[in-house]
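Single-structure report; data block below.
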C-alpha cells in the first residue's frame, strides 16, 4: 500500500512539471503568434500610414510594430527565392527585439547593400511584411590622367581611373591585349593606344554597355646640338668653338673621349675646344623621345683651313628609302663630296653608300685633306612564315608554307637541329608535323632582328589539333605588340575572349593569356589548354662612335655605322598564317 501511494505522488509531480512546461511553451508560442502588425519605413520610425515597400540602395530599413504582447521576438529579413531576389533564400539580417507593455516597437534593422535587388520578406515572430529594392543600372566612368610617363622599354603610359558601380568591366586594346575584368573602382596604367571596354551587371544590377577611350602619347621632346662660331684664342693658341644647344623638354649629355663634358636641360650656347664629341638626349619626365649623335669642332687658327665630316642619324621613308644625316663642319675651306661643293657648315642627307671627299683651304689660308665615309641604310628587314594547307599522305601530316625574307637571313630549327637557312627572297617549304623556332637578323643596310616559333599541326583523319605560338615582338609608336599565330585543324580554340575555327594571326600586348581548344564536333577527337606569356620588347638604340676631327693635312678615312637617333623597333617580322584547305 505504501509503495502504491509513493508511485501516486511521483506521478502527480511529473504531471505538474509537464503542465508547467506546457504552459510556458504555450505562452512562448502565443508571444510569437500574437495579434500585432508590422511595417517598414525608410530611414526613420513612422506609423503604419508611412509604410514603405520600395527602397533604394544605401537606404536604411526600419521595422515598426504595434499591438504586440510584451516579450522577446525573433526577426529576420530574407531574400525571396527563385529569381525574385538577388539573395534567393539568404537571410541578409536577423536578430531579436524586446517588446514592452506598450506593445509598440521600432528599430533600424538593415542598410540596403549595393548588390541587393528584388523582393525581400520581413518577419517578426509570426508577423510578416515585404519590400522591394530596384536593381538599378550599372555605370562605368573612365578618366585618363593628364600625367604621362615614358621609357624606351614601355613607351608612353598614362594612369586610367575606373569608377565602377554594379558592373564587371573588361578592357580591350586595339591591336591586341585585354585587361580585367574589374568589379570595383580602381586605377591602372595603360600604354598609349585606342581602347574599347564592355561591361555587364553584377549582382543587384541589370543591364550592360560598352564604350571607348584613347590613351595619348606623351608629348614629344626634342634636342639638337649645332656647332656655331669658332674663335681663335691668340693668347692660348687654341680654337674656342660655340655650340648651340636647342633643347625642349629634354636632358642633353655631351661627352668627349675622356668622359662627360656637361649635362644640359635648357637651350643655351656653350663653348668647347676643338675635338670630337658625342651626345645623347632623353626626354624629361612627362615627355617622350631620345636620341644621340656626334659632332666635331675644328681649328679656326688664322690663315688655316679645316673640315670635318660626321655621320649622323638614319631615317627611312617608303618613297625615298634610307637617308642619313651627314654633318659638314667647314672653316676657311671648300669641301667637295657627292659631286657638290660646300663652303659653309651644314647638314646634308645621303643615301647608303661610300663617299669620297676632299677639301682645300680658301684663298689666303693653308691646308687640304681628303677621306671617305661609308653610310649604312636603316630599312626595316622582314621575315614572314605563311602557313598553308595541311595534307595527310596516309602515314604523316605535312604543312606547306611560304617564307618571305627581305633584307635578312632566316634560320629555322626543329629542336636543336637546323631545319633550313634562307636568304632574301620567297621560299616554298613543307614542314612535317612538329614545333619549330626561328631567328632572323638584318643584312647590311637593313635594321632589325627577331625570333619566334610556329607549329605544323596534325591533320590525321578523325583527329583535331591546334597550337598557339608566340612570334616576333615589334615596338612601334610607343606600343609593344607580339605576333601570336594560331594553327587549327578540325578544332575550336578560345583565347583573349574570342573563338577561332580557322588559322589566324593576333597582335597581343604584354600579359598572360590562357587558351583552350576542343574538337569542332563529335566526329573528331582531341582537346587541350595552356597559357602563353607575352613580354615587352625593348626599343633598339645605337650611339655614335667617336669621330676624329679634321686636320690640316689629309683627313682620316671615316667608315662609320649609321647613328640611329630616337627609338627604332627591334624589327617588324611577323608570322602571317593564312588558312589552307585540308587535303586527305
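Numbering (the working numbering), first residue to last: 50 to 633. C-beta: ideal position from N, C-alpha, C; glycine also.
Between residue i and residue j, what straight-line distance do the alpha-carbon atoms span, to the nearest angstrom?
i, j, result
"residue 518", "residue 401", "36 Å"
"residue 320", "residue 289", "6 Å"
"residue 115", "residue 211", "47 Å"
"residue 295", "residue 269", "14 Å"
"residue 406", "residue 460", "39 Å"
"residue 226", "residue 435", "23 Å"
"residue 228", "residue 554", "20 Å"
"residue 76", "residue 118", "Note that residue 76 scores 41 on pLDDT, short of 50, meaning its location in the model is unreliable; the coordinates nonetheless yield the value given after this. Spanning the two alpha carbons is a distance of roughly 10 Å."
"residue 272", "residue 373", "18 Å"
"residue 180", "residue 85", "19 Å"
"residue 350", "residue 287", "8 Å"
"residue 337", "residue 559", "20 Å"
"residue 516", "residue 449", "16 Å"
"residue 417", "residue 399", "23 Å"
"residue 397", "residue 409", "19 Å"
"residue 347", "residue 317", "20 Å"
"residue 96", "residue 120", "21 Å"
"residue 542", "residue 505", "16 Å"
"residue 531", "residue 291", "46 Å"
"residue 231", "residue 585", "23 Å"
"residue 635", "residue 194", "Outside the displayed range of the chain (50 to 633) lies residue 635, so it cannot be described from this structure."
"residue 522", "residue 529", "7 Å"
"residue 104", "residue 98", "16 Å"
"residue 422", "residue 352", "27 Å"
Could you check if residue i is buried or exposed, using at least 16 other CB atoms within 10 Å of its CB as the buried criterion?
i, result
"residue 237", "exposed"
"residue 139", "exposed"
"residue 307", "exposed"
"residue 445", "exposed"
"residue 572", "exposed"
"residue 465", "exposed"
"residue 147", "exposed"
"residue 175", "exposed"
"residue 207", "buried"
"residue 580", "exposed"
"residue 507", "buried"
"residue 187", "buried"
"residue 467", "exposed"
"residue 371", "buried"
"residue 312", "exposed"
"residue 556", "buried"
"residue 604", "With a pLDDT of 27 at residue 604, under the threshold of 50, the modelled position of that residue is not reliable, and the figure given next carries that caveat. Buried is the call here."
"residue 113", "buried"
Can you find the residues in the same chain that come closer than 8 Å, C-beta to C-beta, to residue i, ignoring five residues on each side of it along the sequence?
i, result
"residue 108", "91, 92, 160 and 161"
"residue 309", "302 and 303"
"residue 177", "87, 170 and 171"
"residue 392", "379, 382, 383, 384 and 411"
"residue 259", "245, 246, 247 and 248"
For residue i, which residues of its own chain have a beta-carbon under 6 Å away from its beta-carbon, when the five flanking residues on both sides are left out?
i, result
"residue 578", "565"
"residue 141", "126"
"residue 432", "454, 457, 459, 489 and 622"
"residue 189", "213, 216, 218 and 248"
"residue 128", "134, 136, 137, 139 and 169"
"residue 481", "447"
"residue 582", "561"
"residue 239", "209 and 264"
"residue 365", "371, 427 and 428"
Quick one: what's got a C-beta closer than 7 Å to residue i's C-beta in the same chain, skipping five residues either side?
i, result
"residue 144", "124"
"residue 283", "none"
"residue 593", "At residue 593 the pLDDT is 34, less than 50, meaning the model places this residue with poor confidence and gives no usable figure here."
"residue 474", "454"
"residue 575", "512, 513, 514, 540 and 568"
"residue 94", "111, 113 and 155"
"residue 164", "135, 251, 252 and 253"
Counting contacts by CB-CB distance shorter than 7 Å, is residue i in contact with chain B?
i, result
"residue 175", "Among the chains in the structure shown there is no chain B, since it carries only a single protein chain."
Counting pairs of beta carbons, one from the stretch 367-380 and one from the stretch 440-460, are three or more of them closer than 8 Å? Taking 8 Å as the limit for Cβ pairs, the verdict is that the stretch 440-460 does not touch the stretch 367-380.
Which whole runs of the beta strand (DSSP E) in the stretch 387-451 are 3 residues long or more, in chain order? Listed in chain order, the beta strand (DSSP E) elements of length 3 or more contained wholly in the stretch 387-451 are 389-391, 395-399, 402-410, 417-424 and 431-441.
Answer yes if the stretch 542-549 comes into contact with the stretch 494-514, meaning at least three C-beta pairs across the two stretches below 8 Å, and no otherwise. With a cut-off of 8 Å, the stretch 542-549 and the stretch 494-514 do not count as touching, because too few Cβ pairs lie within range.
Fully enclosed by the stretch 247-321, which beta strand (DSSP E) runs are 3 residues long or longer? Fully enclosed beta strand (DSSP E) runs of 3 or longer: 257-264, 271-282, 287-297, 299-305 and 308-313.
When the Cβ atoms of the stretch 485-497 are set against those of the stretch 413-427, are three or more pairs found closer than 8 Å? Yes: the two stretches touch, three or more of their Cβ pairs being nearer than 8 Å.
Every unbroken alpha helix (DSSP H) within the stretch 515-542, with a cutoff of 4 residues, ordered by chain: Inside the stretch 515-542, DSSP marks no whole alpha helix (DSSP H) run of 4 or more residues.
Answer yes if the stretch 350-369 comes into contact with the stretch 216-235, meaning at least three C-beta pairs across the two stretches below 8 Å, and no otherwise. No: the two stretches stay apart, fewer than three of their Cβ pairs being nearer than 8 Å.
Does the pairing of the stretch 231-248 with the stretch 145-160 give three or more beta-carbon distances under 8 Å? With a cut-off of 8 Å, the stretch 145-160 and the stretch 231-248 do not count as touching, because too few Cβ pairs lie within range.
Beta strand (DSSP E) segments (min. 3 residues) lying fully within the stretch 468-494: As far as the stretch 468-494 is concerned, its whole beta strand (DSSP E) runs of at least 3 residues are 474-481 and 483-491.
Does the stretch 320-332 come close enough to the stretch 249-262 that 3 or more CB-CB pairs lie under 8 Å? Note that the stretch 249-262 does not touch the stretch 320-332; fewer than 3 beta-carbon pairs, one per stretch, sit closer than 8 Å.
Minimum length 3: unbroken beta strand (DSSP E) runs contained in the stretch 79-138: The qualifying runs are 86-91, 109-115 and 120-128.
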